[in-house]
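Chains as they are written, first to last, in my numbering: chain A, 1 to 291; chain B, 1001 to 1433.
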């Protein structure tokens, strides 16, 4: 078993702002309040540190406002990081910075071919044995299959059908191997069927809470950190024995991201079966390198 | 029963796509197939491999079929999002012919199956499909057709290699109740009456649908005394073309003039004194008349297969061989010229009945595209084996003596015609009442 503390990659919002529009949330006419954004990020950082997470930081870069959304850096599995290949050129400049940082952290960085798109933990989340993955809006279905081949896992590609929920982590959040939060309407009938068939306990979000980015939560043990404004979810989480924590992240929601988007779990998400079994080799063939 | 047809595909626009990975439990494959149908296309799963263990990927090769190019494009765009991508993504490669009567090295050698070549991203059907040819491509007009080696002209754009080409194996009709009982190696131990019934159904269906039946016949038809059955088929409109050699025509005309075939009296079975001369005298008579048609018109030939062909305007082609006597003036003695003419004259043929002639059967089998149904009747199993060995897989073999087969065939046609008449008059009665 891996008893090391949770490790999370973040990026200070020094250069964060709404500089372009690549999702329905972004509107340059409604810029983020930079000072408030920094304050909100610091609060999140504080909460996660308080929960025992070791925070690693990637150096902010001028001209890369979305570098702050580290969930999109890569998919972590065992000691490997499948580096993102961003669909939008505006974000492709982030790739080398994430790659350098992940390598520096001791992860083996694996790159996909140039003609593929895959946006890391934003679109691929382990829940139990399976890797649930979103496609169409950002990642490509073909790339998801490629990723599954690379890390030898069973993948469930799910079509995202609502532009507001352009990444899987905006509408789906695994809590533990058999439980997850989701917003069903973000998926088509096939996706909904796959989710229901494979995840025992699903907590449905209302549309109002879903568009408040309630699903974009950071899970540390039994703690679930979300944006403010999702009391119904928090009540359900408490019923299920979780400890929901809210922190305002309104300035990041303007860019289409919230708590989860601002973090990348370097030691694997709580719900990943491979992490719990401690048998990383069975999944990735590579033993996790614990620096 | 599937009728003989020159239109091999149900929907003309097709593309093979493949999708790999975890496509079963994730419902990706059902979703792709549903998407094809939602766009009013159809599909055929050509190959599927399902992963045995949870982590094993699965694979599906799916042929997408559509009515129009635009519809196919729409379907492909839709399903590519889900990871289904075309198998072939490169155009065909062409080289200009540098030697007349020869292909460039590495030329693509054709089969008799329906073939398409890819030009500028679009699939172009290959015209004049024939086995053992090359493909000449006209890039400006976006056309392609099979060309025999001998007919290659310098500068023609000839396809080389195997990239950008796809072949559609002909679906055999056995499952539709046709010749399934004969879907086994050639054997003499098959019920011949059933075979005759099936061939009768094909002949009747071809006539009803306005198709064209070609008979390729050998002299055994006459020797065995079954020429009359072929005459019957011609008179009743079941034969549209006849390919044969010098022998069939000569023996048939000898019978008309002398009542013998190679001197043997066909009614009595005895040898006529000086009967062996009948053969040469027959050829001489026709040569003096200037050909078979003039001989018929001059009243020298009054019956027989060739007579019926002339009388019923059945197009006939006689191809010669090195051992021919005479030959008859109608016989084409240049094998290349004969082959070229046969090539032209099989183009509208939809059903082919080969009767007791090995070399002519193989020659015609080489020229016919795979979607033309062929039945080869021969007492010698090696005739039909040779045909199949040379790639005419669509051939249904019937190993039997030709006389009882043709007798049964005519009887079966009589039965079918009577049944048809009965159903027509029954319909009329219903309408009248």
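All residues carry an ideal CB built from backbone N, CA and C; glycine is no exception.
No experiment lies behind these values; they were computed from the predicted model shown.
Report task. Could you say which of B:1040, B:1035, B:1038, B:1059 lies nearest to residue 1022 of chain B if we only look at CA atoms? Result -> Considering only B:1040, B:1035, B:1038, B:1059, the residue with the shortest C-alpha distance to residue 1022 of chain B is B:1059.
**Report entry** the stretch 1012 to 1046 of chain B: positions lying closer than 9 Å to chain A by Cβ
**Finding:** Within the stretch 1012 to 1046 of chain B, the residues whose Cβ lies closer than 9 Å to some Cβ of chain A are 1019, 1020, 1021, 1022, 1023, 1025, 1026, 1027, 1028, 1030, 1031, 1034, listed in chain order.
Query - Nearest-angstrom Cβ-Cβ length linking residue 1240 of chain B and residue 1282 of chain B, presumed shorter than 8 Å - result: Rounded to the nearest angstrom, the Cβ distance from residue 1240 of chain B to residue 1282 of chain B is 26 Å, too far for a contact under 8 Å.
Report task. Taking 8 Å as the threshold, find out whether the stretch 1341 to 1352 of chain B comes into contact with the stretch 1208 to 1222 of chain B through three or more Cβ pairs. Result -> They touch, by the three-pair rule.
Query raised in the report: Can you tell me whether residue 1380 of chain B is buried or exposed, with buried defined as 16 or more other CB within 10 angstroms of its CB?
Result: Around the beta carbon of residue 1380 of chain B, a 10 Å sphere encloses fewer than 16 other beta carbons of the protein chains shown; the residue is thus reported as exposed.
Query raised in the report: What's the C-alpha gap between residue 1096 of chain B and residue 132 of chain A?
Result: Approximately 53 Å, taken between the alpha carbons.
**Report entry** Chain-ordered neighbours of residue 149 of chain A on chain B, where CB pairs are closer than 9 Å
**Finding:** 1020, 1021, 1057, listed in chain order.
Query raised in the report: Is it right to say residue 1426 of chain B is buried, meaning 16 or more other beta carbons lie within 10 angstroms of its own, or is it exposed?
Result: Exposed is the call here.
Report task. Using the Cα positions of residue 1298 of chain B and residue 1404 of chain B, report the straight-line distance between them to the nearest angstrom. Result -> Annotation: residue 1298 of chain B to residue 1404 of chain B spans about 34 Å, alpha carbon to alpha carbon.
**Report entry** Cross-strand partners of residue 1059 of chain B (DSSP beta bridge)
**Finding:** Residue pairing by DSSP puts residue 1059 of chain B in a beta bridge opposite B:1020, B:1049.
Requested in this report: Verify the CB distance criterion: does residue 155 of chain A have a CB-CB separation below 8 Å to chain B?
Outcome: It does; some Cβ of chain B falls within 8 Å.
Requested in this report: Please check the pair residue 269 of chain A and residue 219 of chain A, which I expect to be a contact at CB under 8 Å, by giving their CB distance rounded to whole angstroms.
Outcome: Their Cβ separation, rounded to whole angstroms, is 7 Å, which keeps residue 269 of chain A and residue 219 of chain A in contact under 8 Å.
Report task. Measuring only between beta-carbons, confirm whether residue 1240 of chain B sits less than 8 Å from chain A. Result -> The beta carbon of residue 1240 of chain B does not come within 8 Å of any beta carbon belonging to chain A, so the residue lies off that interface.
Query raised in the report: Regarding residue 1094 of chain B and the ligand SAM, is the C-beta to nearest heavy atom distance less than 7 Å?
Result: Looking at this structure, you won't find the ligand SAM or any other ligand, since it has none at all.
Requested in this report: Give a yes or no on whether the C-beta atoms belonging to residue 1200 of chain B and residue 1412 of chain B are separated by under 8 Å.
Outcome: Using a Cβ distance threshold of 8 Å, residue 1200 of chain B and residue 1412 of chain B count as a contacting pair.
Query raised in the report: DSSP on residue 1184 of chain B, reduced to helix/strand/coil?
Result: Because the pLDDT at residue 1184 of chain B is just 48, under 50, the model does not fix this residue reliably, and the value given afterwards should be weighed accordingly. Three-state DSSP puts residue 1184 of chain B in coil, outside helix and strand.
Query - Beta carbon of residue 293 of chain A nearer than 8 Å to that of residue 144 of chain A - result: The shown model of chain A, from 1 to 291, leaves out residue 293 of chain A, and the question about it has no answer.
Query raised in the report: Looking at C-alpha atoms only, which residue of A:246, A:128, A:251, A:163 is the closest neighbour of residue 197 of chain A?
Result: Considering only alpha carbons, the answer is A:128.
Query raised in the report: Of all the CB atoms in chain B, is at least one closer than 8 Å to the CB of residue 232 of chain A?
Result: Residue-level contact by beta carbon fails for residue 232 of chain A and chain B, as no gap is shorter than 8 Å.
Query raised in the report: What is the rounded straight-line gap between the Cα of residue 180 of chain A and the Cα of residue 21 of chain A?
Result: Linking residue 180 of chain A to residue 21 of chain A through their CA atoms gives a straight-line distance of about 30 Å.
Report task. Name the residue from A:259, A:60, A:6, A:15 whose alpha carbon lies nearest to the alpha carbon of residue 100 of chain A. Result -> Considering only A:259, A:60, A:6, A:15, the residue with the shortest C-alpha distance to residue 100 of chain A is A:60.
Requested in this report: For residue 1237 of chain B, collect the residues of the same chain with a Cβ closer than 8 Å to its Cβ; drop the 5 residues on either side in sequence, then sort them by chain order.
Outcome: Excluding sequence neighbours, residue 1237 of chain B sits near 1207, 1312.
Query - Opening and closing residue of the alpha helix (DSSP H) in which residue 41 of chain A lies - result: Per DSSP, residue 41 of chain A is one residue of the alpha helix (DSSP H) stretching across 34 to 50.
Query raised in the report: Is the CB of residue 1121 of chain B under 8 Å away from at least one CB in chain A?
Result: Output row for residue 1121 of chain B: interface = no.
Query - Min CB distance residue 1176 of chain B to chain A below 8 Å - result: Confidence at residue 1176 of chain B is low in this model, with a pLDDT of 43, below 50, so its placement is unreliable and the value that follows should be read with caution. Output row for residue 1176 of chain B: interface = no.
Report task. Output yes or no for whether 8 Å exceeds the beta carbon distance between residue 1409 of chain B and residue 1196 of chain B. Result -> Yes, these two residues count as a Cβ contact at 8 Å.
**Report entry** First through last residue of the alpha helix (DSSP H) which encompasses residue 1279 of chain B
**Finding:** From DSSP, the alpha helix (DSSP H) with residue 1279 of chain B extends over 1276 to 1289.
Report task. Note down, in chain order, each residue of its chain lying with its Cβ closer than 7 Å to the Cβ of residue 1341 of chain B, except the 5 sequence neighbours on either side. Result -> If you ignore the 5 residues before and after residue 1341 of chain B, its C-beta comes within less than 7 Å of the C-beta of 1317, 1332, all in its own chain and listed in chain order.
**Report entry** Sequence ranges, beta strand (DSSP E) only - wholly within the stretch 236 to 260 of chain A, length at least 3
**Finding:** Within the stretch 236 to 260 of chain A, the runs of beta strand (DSSP E) that reach at least 3 residues and sit entirely inside it are, in chain order, 243 to 246.
Report task. Determine the burial state of residue 275 of chain A: buried for a count of at least 16 other Cβ atoms within 10 Å of its Cβ, exposed for fewer. Result -> By the neighbour-count definition (other C-beta atoms within 10 Å, threshold 16), residue 275 of chain A is a buried residue.
Query raised in the report: Of all the options A:164, A:9, A:4, which has the alpha carbon lying nearest to the alpha carbon of residue 260 of chain A?
Result: When each option's Cα is compared against that of residue 260 of chain A, the closest is A:9.
Query raised in the report: In terms of alpha-carbon separation, which member of B:1020, B:1414, B:1288 lies closest to residue 1229 of chain B?
Result: Ranked by Cα distance from residue 1229 of chain B, the first of B:1020, B:1414, B:1288 is B:1414.
Query raised in the report: Which one of A:248, A:205, A:264 has the shortest CA to CA distance from residue 33 of chain A?
Result: Considering only alpha carbons, the answer is A:248.
Requested in this report: Closer than 6 Å by C-beta to residue 1047 of chain B: which residues in its own chain qualify, once you throw out the five before and the five after it? Chain order, please.
Outcome: Taken in chain order, the residues that qualify are 1061.
Query raised in the report: For residue 1312 of chain B, which of helix, strand or coil comes out of DSSP?
Result: Coil.
**Report entry** Under the three-state DSSP convention, the category residue 1103 of chain B falls into
**Finding:** DSSP places residue 1103 of chain B in coil when its eight states are reduced to three.
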